[in-house]
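The structure appears right after this line, and notes come after that.
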Amino acid sequence: MASFLVRHWLLLINGIVLLFILPIVLAPVFMNTGNTFLTGIAEIIMAGYHATCHQMPERSLFIFGYSMAVCSRCFAIYVAFLIGGIAFYFVRDRLQPFNIIYYVLFCIPMALDGFTQLFGFRESTNLLRIITGVIFGLGSALYVFPYMQAIFKMEKEESERLKMELERHKPEQNESS
């Protein structure tokens with residue numbers, strides 16, 4: 001299991017993020033069906049995601065007239081993180097971990113948008129929330145994934161070193177038997 005995780009960690013994380021995003025989109029689709037069972041599932045999804053997002057309708061995206069399970073900014077963050085994870089697959093050998101200062105730069109647009117709205121200087125728009133969410137989500141992926149790659153690479157190298165060490169100290173088999 002450990003070697004599988006070391007080899008396929010990125011696929012697993014991207015899969016988990018995708019499974020986290022799908023219900024966000026499915027909730028309004030289920031609400032639109034009018035089916036009592038599916039509507040009930042949609043309500044459970046909405047309640048579950050309320051723990052991660054304020055779900056204010058005026059800050060949300062809608063499908064079939066029903067709001068998604070998270071606001072536009074949260075949705076943009078999650079989707080951008082997934083896109084960053086998928087893109088990282090293609091550049092993982094060339095992209096090195098970078099200093100946290102650069103990550104802070106990815107956070108600044110969202111922080112400025114959020115704080116200027118929070119303190120009443122202006123009202124943000126969903127477009128601006130999406131843009132700042134995408135910047136933050138991609139920045140998060142670009143920051144986190146190279147470090148994870150380095151950790152799993154070290155784990156793989158250590159595992160291979162230990163395997164070779166065990167092979168070297170393995171007792172010799174009796175050839176005559």
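For the sequence shown, position 75 (counting from the first letter as 1) is numbered 75 according to UniProt numbering, and the numbering increases by one without interruption.
C-beta: ideal position from N, C-alpha, C; glycine also.
All values derive from a computational prediction rather than experimental measurement.
- For C71, the closest C-alpha among the options L61, V79 and G65 is that of L61.
- Distance from the Cα of I86 is smallest, within the candidate group I13, I44 and I101, for I13.
- Between A42 and M31, the C-beta spacing is below 7 Å.
- Counting other Cβ atoms within 10 Å of its Cβ, M110 reaches 16 or more and is therefore classed as buried.
- Bridge pairing for F62: S67 [DSSP].
- The C-beta of T116 has fewer than 16 other C-beta atoms within 10 Å across all chains shown, which makes the residue exposed.
- Taking 7 Å as the cut-off, the beta carbon of P28 is found no closer than this to the beta carbon of F75.
- Here R92 is near Q149, since their CB atoms are less than 7 Å apart.
- The residue among I100, V79, R59 and N99 with its C-alpha nearest the C-alpha of V17 is V79.
- Excluding its 5 nearest sequence neighbours in each direction, E155 has C-beta neighbours in its own chain below 7 Å: V6, listed in chain order.
- Distance from the Cα of T39 is smallest, within the candidate group F145, E58, Q96 and A69, for A69.
- When DSSP states are grouped into helix, strand and coil, F4 belongs to the helix group.
- Here I77 has G133, F136 and G137 as same chain residues with Cβ atoms under 7 Å from its own Cβ, once five neighbours each way along the sequence are excluded.
- Linking F98 to F88 through their CA atoms gives a straight-line distance of about 14 Å.
- Listed in chain order, the non-local C-beta contacts of L128 below 7 Å within the same chain comprise D113, local neighbours out to five positions each way being set aside.
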